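Colleague: In full-length UniProt numbering, the protein residues as written are 1 to 137. We treat Cβ as the ideally placed atom computed from N, Cα and C, and that holds for glycine. Predicted model only: the values in this text are computed from it and were never measured.
1) Since residue 73 sits in a beta bridge, which residues does DSSP pair it with?
2) Alpha carbon to alpha carbon, how far is residue 20 from residue 87?
3) Three-state secondary structure (DSSP) at residue 101?
4) DSSP has residue 33 in a bridge; who is on the other side?
5) Quick one: residues in its chain with C-beta nearer than 6 Å to the C-beta of residue 41, no 5 flanking neighbours on either side, listed in chain order?
6) Can you tell me which of 15, 54, 35 puts its alpha carbon nearest to the alpha carbon of residue 62?
7) With DSSP as the reference, label residue 43 as helix, strand or coil.
8) Could you have a look at residue 68 and say whether DSSP puts it in helix, strand or coil?
9) Look at the Cβ atom of residue 43, then the Cβ atom of residue 72, and state whether they are nearer than 7 Å.
10) Check the DSSP bridge columns for residue 63 and list the partner residues they point to.
11) Going by C-alpha to C-alpha distance, which of 18, 23, 27, 6 sits closest to residue 117?
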C-alpha cells in the first residue's frame, strides 16, 4: 500500500492521518456533502488548495453553483462528479495525490459529520454527588 510506505518514509503527519483513515470502517468514514466541502474550502487561506476526503463526496441539491475545486476522494457520487467537473474542477485519486503532493503540501484534510449518538438529556453520564434537593446522598 502506497500510503503505508509514505507514512513510514516521510515524516509528515498528513500521510499518517490518511493511512489511519484508509483503514477505518465505512461507518467511521462518513460521507461529506458538496455544500459542506464548499463551505470549508471558502475559509481564508484555503484558495487553490486540494480538498482531501478519505470517504465519499455526495451531491447537495441545495447548492446552485459549484465553484472550481480540486478534490481528492475515495469515491465521488455521479452527480457530484459531474457538477465538480462542469465547474472546471479536478478530481484526483489518492495515487495521483501521492504523486502530486507526497507530503500533503497544499492540501486540506476534510471529513464528514461523524455518526455519534446524541449527547442530550437521556444520554448524559451518571452524576457524582448531586446538588442539594432536600436530602443527602
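Modeller: The short version:
1) For this step, residue 73 is matched to residue 73 along the chain shown. 53, per the DSSP bridge assignment.
2) Position 20 of the chain shown holds residue 20. Position 87 of the chain shown holds residue 87. Approximately 31 Å, taken between the alpha carbons.
3) Along the chain shown, read from residue 1 onward, the residue named residue 101 stands at position 101. Coil at residue 101, not helix or strand.
4) On the chain shown, residue 33 is found 33 positions in, with the first residue counted as 1. Beta-bridge pairing links residue 33 to 58.
5) Counting from one through the chain shown, the residue named residue 41 turns up at place 41. Within the same chain, residue 41 has close Cβ partners 51.
6) Walking along the chain shown from the start, residue 62 turns up at place 62. Out of 15, 54, 35, 35 has the C-alpha closest to the C-alpha of residue 62.
7) In the chain shown, the residue the question calls residue 43 occupies position 43. Here residue 43 sits in coil by DSSP.
8) For the purposes of this step, residue 68 is identified with residue 68 of the chain shown, where counting begins at 1. Three-state DSSP puts residue 68 in coil, outside helix and strand.
9) As a first step, residue 43 is located in the chain shown; it is residue number 43 there, counting from the start. As a first step, residue 72 is located in the chain shown; it is residue number 72 there, counting from the start. No, the pair does not count as a contact, with Cβ atoms beyond the cut-off.
10) Taking the first residue of the chain shown as 1, we reach residue 63 at position 63. DSSP output for residue 63 lists no bridge partner at all.
11) Counting from one through the chain shown, the residue named residue 117 turns up at place 117. When each option's Cα is compared against that of residue 117, the closest is 27.
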